[in-house]
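Trainee:
Protein chains: 2
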Amino acid sequence: MHDPLRSQPNYDRLLDKLESMGPVTQEQRAAIRDLPIRVSEPKGDEDLVREGDAPKECCLVLEGFACRYKLLPDGRRQILSFHVPGDIPDLQSLHLRKMDHSLAALLPSRVVYIPHEAIRRLTHAHPRLTDMLWRDTLVDAAVFREWMVGLGRRSAYARIAHLFCELVVKFRAVGLAKDDTIELRLTQVELADALGLSSVHVNRVLQQLRGEEIIQMRTGRLQVLEWSRLTAAGEFNEDYLHLAAA
Amino acid sequence: MHDPLRSQPNYDRLLDKLESMGPVTQEQRAAIRDLPIRVSEPKGDEDLVREGDAPKECCLVLEGFACRYKLLPDGRRQILSFHVPGDIPDLQSLHLRKMDHSLAALLPSRVVYIPHEAIRRLTHAHPRLTDMLWRDTLVDAAVFREWMVGLGRRSAYARIAHLFCELVVKFRAVGLAKDDTIELRLTQVELADALGLSSVHVNRVLQQLRGEEIIQMRTGRLQVLEWSRLTAAGEFNEDYLHLAAA
DNA sequence: CGCAATATTGACCATCATCAATTGGCGTGG
DNA sequence: CCACGCCAATTGATGATGGTCAATATTGCG
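Line by line, the protein sequences give chains L and Z.
Counting from 1, position 97 in the first sequence corresponds to residue 125 in the numbering used here; the numbering is continuous, with no gaps.
Counting from 1, position 111 in the second sequence corresponds to residue 139 in the numbering used here; the numbering is continuous, with no gaps.
1) Would you mind listing the beta strand (DSSP E) stretches within the segment 119-193 of chain L that are 3+ residues and don't spill past its ends, in chain order?
2) Check whether chain Z comes within 8 Å of L:W162, counting only Cβ atoms and requiring the distance to be less than that.
3) Using a Cβ-Cβ distance under 8 Å, would L:L46 count as near chain Z?
4) How big is the Cα-Cα spacing for L:L161 and Z:Q251?
5) Distance check for Z:F264 and L:M49, CA to CA, integer angstroms please.
6) Determine the chain Z residues that contact L:H123 at a beta-carbon separation under 8 Å, and present them in chain order.
7) Bridge partners of L:S68, per DSSP?
8) For the 8 Å Cβ check, are there 3 or more pairs between the segment 92-103 of chain L and the segment 48-66 of chain L?
9) In or out: Z:P32 buried (at least 16 other Cβ within 10 Å) or exposed?
10) Quick one: what's got a C-beta closer than 6 Å to Z:K45's C-beta in the same chain, skipping five residues either side?
11) Should L:Q275 go down as buried or exposed, given a rule of 16 or more other Cβ atoms within 10 Å for buried?
12) L:W255 CB to nearest chain Z CB: under 8 Å?
13) Run through the DSSP bridge pairs and tell me what L:A205 is partnered with.
14) Leaving aside the five residues before and after Z:H144 along the sequence, list all residues of the same chain whose C-beta is less than 8 Å from its C-beta, in chain order.
15) By how many angstroms is the C-alpha of Z:A153 removed from the C-alpha of L:S226?
16) Quick check: what's the CA-CA separation for L:E241 versus L:F192?
17) Using only the alpha-carbon positions, how far apart do Z:S68 and Z:I60 sit?
18) Under a Cβ-count criterion, where at least 16 other Cβ atoms within 10 Å of its own Cβ denotes burial, should Z:T215 be classed as buried or exposed?
19) Return no unless some Cβ of chain Z is closer than 8 Å to the Cβ of L:R104.
20) Report the three-state DSSP secondary structure of Z:S227 (helix, strand or coil).
21) Report yes if the C-beta distance between Z:V139 and Z:L90 is below 8 Å; otherwise report no.
22) So, do the segment 255-273 of chain L and the segment 195-207 of chain L have three or more beta carbon pairs nearer to each other than 8 Å?
23) Below 8 Å between beta carbons: does that hold for L:L131 and L:V77?
24) Determine the closest residue to Z:D207 out of Z:T151, Z:K126 and Z:E254, with distance taken between C-alpha atoms.
25) Based on Cα-Cα distance, which residue from Z:E174, Z:Y185, Z:E218 and Z:A272 lies nearest to Z:A201?
26) Just to confirm, are L:L63 and L:L150 a CB contact at a threshold of 8 Å?
27) State the Cα-Cα distance for the pair Z:L135 and Z:P117, rounded to the nearest angstrom.
28) Is Z:E91 helix, strand or coil when you go by DSSP?
29) So, helix, strand or coil for Z:H30, using DSSP?
30) Assuming L:A169 and Z:T165 are in contact, meaning their beta carbons sit under 8 Å apart, how far apart are those beta carbons, in whole angstroms?
31) Cutting at 7 Å between CB atoms, please list the residues of its own chain near L:G72, excluding the five before and the five after it.
32) When burial is assigned at 16 or more other CB atoms within 10 Å of the CB, is L:Q236 buried or exposed?
33) So with CB distances below 8 Å, who are the chain Z contacts of L:G128?
34) With Z:D128 and Z:E79 assumed to form a contact (beta carbons below 8 Å), what rounded beta-carbon distance in angstroms separates them?
35) In the structure shown, what three-state DSSP assignment does Z:K98 receive?
36) Buried or exposed for L:R41, going by 16 or more other Cβ atoms inside 10 Å?
Below, the structure is given as structure tokens:
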């Protein structure tokens, strides 16, 4: 579980993301690479952090796929976000002591934990990096807002189309899309929990999207056959992902 | 529209909020009070910032009531958050160039606009203030998450009860609640747009909540008759508001 | 007093949830 | 290599929650 190594080569995805926001100096890059880390390789369906915890470190996803979620008293679940390599899904724990939701790996993944104290020193020493990390949490919030619109106002059909658009764009941004295809290992139950739907209904809408030849879904693989029809179906506009530089 | 005055006494609510997160030194307090501002007094139902804008300043609410929202192509609306005095609803614009949603006053209000450049200088000079402002945007995101759960998984009845709980707690936190009563000037259409419901259905559920003598609602006035039953109905737990110090 | 916005009501209906099987895919142990 | 078992996907039947439409009643306010 513990890994004494430092300066693993795996800040690359995170650095890529930060560089997409603006220039990163050699000094800043070095400061990030020097962050102490603890490596972990969760199996699929394993909680990384739980609601109620007061973690002392943040989790950076190196490989795999993760999500954040909340459980209701009766056991129903709402998935709040999906996370790809380069994301720090619980960066908010740096400033919010107690987790108001849980973080889980959805696939066997590789993550590193970075102590809050180290991040705090980093941010206090490098205001530009602070801005970038802050910005990252703000994009996070922007995605929440877009999901709220879907959950509150869009039909099941549009919601699913929209989520697929978002995932394709996010995967593409981290080099995990081959053309119009992504490796998406989500069960229909997981999709339903993200979309505020029942898995039965998700199943039916997926059949419709396939029948209309807008997408193709085989085991763990989503292929977009007609991007324009998918974005139209989901009323998708990627502005909310704020991929352009700050 | 423009007001050359500086050091208005109205940073009090913001300073109160920051102080609730941790100690604020005299120097930091002075730095905030010295921020240049432009005062504005929007009428009710007036947009302060619009989706697509690239604002060069942030908006601090001094008095009144505001909300953020998104419009769908067909004109339907999803309200994303409500804001009370002391809030900086569009602080995210400091790091996200283009607004992905709009900000509007719901009542005649008083707000000030603070230039991004001034805030940026402030944060780069005062890492502790940065942490606090960052934290504020993180609480914002935490509220989005809780709303997502409501929109995705809770019944109309629970959603409304939950929102009322949240509003009472938020109003109380800024001294705008008298005992169990708040001045809540929201139309049923506005409630519906926040809750992802139709106004007709909101009306019916409100009647139920009144009939059960859990709340009382007269014009612009919400009184909670039985807090325990309201929180139970809404499955409300205020942890997500992160009111306790960092 | 009269307008305009808001709230309320009733009738009807669509979307989506629930429940309960059944089918299919796939890894594993014999 | 094949049968078993498990999980995920699929299907059908039924019904509830909440939407839509349209009319009416209220309320605030100039």
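Think of the CB as a built atom: it goes at the ideal place given N, C-alpha and C, for glycine as much as any other residue.
Mentor: Short version:
1) 130-133 and 138-143
2) yes
3) no
4) 41 Å
5) 38 Å
6) D159, W162, R163, L166 and A274
7) L:V139
8) no
9) Note that Z:P32 has pLDDT 42, beneath the 50 cutoff, so the model's placement of it is unreliable and the number below is only indicative. Exposed, because fewer than 16 other Cβ atoms sit within 10 Å of the Cβ of Z:P32.
10) G114
11) Residue 275 of chain L falls outside the range modelled here, since chain L spans only 29 to 274, and no answer is possible.
12) no
13) L:I210
14) P83, K84, E85, C86, S121 and L122
15) 50 Å
16) 14 Å
17) 19 Å
18) exposed
19) yes
20) helix
21) yes
22) yes
23) yes
24) Z:E254
25) Z:A272
26) yes
27) 15 Å
28) strand
29) Low confidence applies here, because Z:H30 scores a pLDDT of 39, under 50, leaving its location unreliable; read the following figure in that light. The answer is coil: DSSP assigns Z:H30 none of H, G, I, E or B.
30) 7 Å
31) A133, L134, L135 and P136
32) exposed
33) A small correction: the amino acid at residue 128 of chain L is Asp; Gly does not occupy that position in the sequence shown. Those within 8 Å of L:D128 in chain Z are A170, R173, E174, D267, Y268 and H270.
34) 6 Å
35) strand
36) buried
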